[in-house]
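**Student:** Heads up, my numbering is the position in the sequence shown plus 30, with the first residue counted as 1.
We treat Cβ as the ideally placed atom computed from N, Cα and C, and that holds for glycine.
Can you read through this structure? Questions will come right after.
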Amino acid sequence: MLKLSSSTRLTEWVRTLRTRLHVWRAAWLLLLRAAVELPAWIGAAEHYIKGERVAPPPQDPHNCRFGLWLETARLTDRDDQPGLIAIETLHQQVHTLVDKLCKLRTQGGATESVSHLGELFSLRNALLGRMKALQTSRSRSTADR
């Protein structure tokens with residue numbers, strides 16, 4: 031069996047650490063982008079519901095940028111499945127509510143749809159809170175490795 035020198039082991043350790051940090055940084059940046067995209071999308075929905083925008087934002091939860099990030103995360107982050115399931119549930123609730131409020135506005139219920147914006151903002155805050163918890167969990171997990 032070949033014994034590795036201390037310098038070779040150190041070099042391998044540094045290479046492994048750099049790779050892990052690169053992967054972690056890429057995942058963190060994707061999560062950060064999703065955390066920025068979500069409030070922007072909800073803002074677009076809010077402006078449509080208030081009559082300040084002509085068209086609603088795209089409604090498909092699987093094709094929005096946040097949904098695409100979520101799908102990728104579910105496929106690649108095996109350790110975070112419970113957190114991702116909670117995020118996915120909230121994400122679906124946000125889309126369902128936005129769809130309902132946009133349809134309500136289109137059918138002449140502008141005042142009623144605006145009255146439900148607080149509910150939308152509460153879901154947004156819960157979703158962002160879950161994302162923050164996921165990032166904290168990832169940071170701890172990376173530090174422990």
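Are there 16 or more other CB atoms within 10 angstroms of the CB of E76, so buried, or fewer, so exposed?
**Tutor:** For the purposes of this step, residue 76 is taken as residue 46 along the sequence shown, with counting starting at 1. The residue is buried, with at least 16 neighbouring Cβ atoms inside 10 Å.
**Student:** Note down the Cα distance separating R63 from E101, rounded to an integer number of angstroms.
**Tutor:** Position 33 of the sequence shown, counting from 1, holds the residue named residue 63. Position 71 of the sequence shown, counting from 1, holds the residue named residue 101. If I take the Cα positions, the gap works out to 14 Å.
**Student:** Report the three-state DSSP secondary structure of Q111 (helix, strand or coil).
**Tutor:** Taking the first residue of the sequence shown as 1, we reach residue 111 at position 81. Correct three-state label for Q111: helix.
**Student:** At the level of alpha carbons, what is the spacing between P87 and Y78?
**Tutor:** Working through the sequence shown from its first residue, we reach residue 87 at position 57. Working through the sequence shown from its first residue, we reach residue 78 at position 48. The alpha-carbon atoms of P87 and Y78 are separated by roughly 8 Å.
**Student:** With three or more beta-carbon pairs closer than 8 Å as the criterion, would you say the stretch 151-161 touches the stretch 118-128?
**Tutor:** Judged by Cβ distances under 8 Å, the stretch 151-161 makes contact with the stretch 118-128, as three or more pairs qualify.
**Student:** Starting from G97, follow the alpha helix (DSSP H) in both directions and report where the run begins and ends.
**Tutor:** What you label residue 97 is simply residue 67 of the sequence shown in a count that begins at 1. Run containing G97: 95-106, per the alpha helix (DSSP H) assignment.
**Student:** What residue from T136, P112, F96 has the CA that sits closest to S167's CA?
**Tutor:** Sequence index remark: in the sequence shown, residue 167 carries index 137 (1-based). Ranking the options by Cα distance to S167, first place goes to P112.
**Student:** When you compare each of L150, L134, L98 to S143 by their alpha carbons, which one comes out closest?
**Tutor:** What you label residue 143 is simply residue 113 of the sequence shown in a count that begins at 1. When each option's Cα is compared against that of S143, the closest is L134.
**Student:** Checking 7 Å against the spacing of the C-beta atoms, do L98 and V124 come in under that value?
**Tutor:** One-based indexing of the sequence shown puts residue 98 at position 68. One-based indexing of the sequence shown puts residue 124 at position 94. Contact flag unset, no.
**Student:** Classify L114 as buried or exposed, calling it buried when 16 or more other Cβ atoms lie within 10 Å of its own Cβ.
**Tutor:** Here residue 114 refers to the residue found at position 84 of the sequence shown. Its Cβ being crowded by 16 or more others within 10 Å, L114 is buried.
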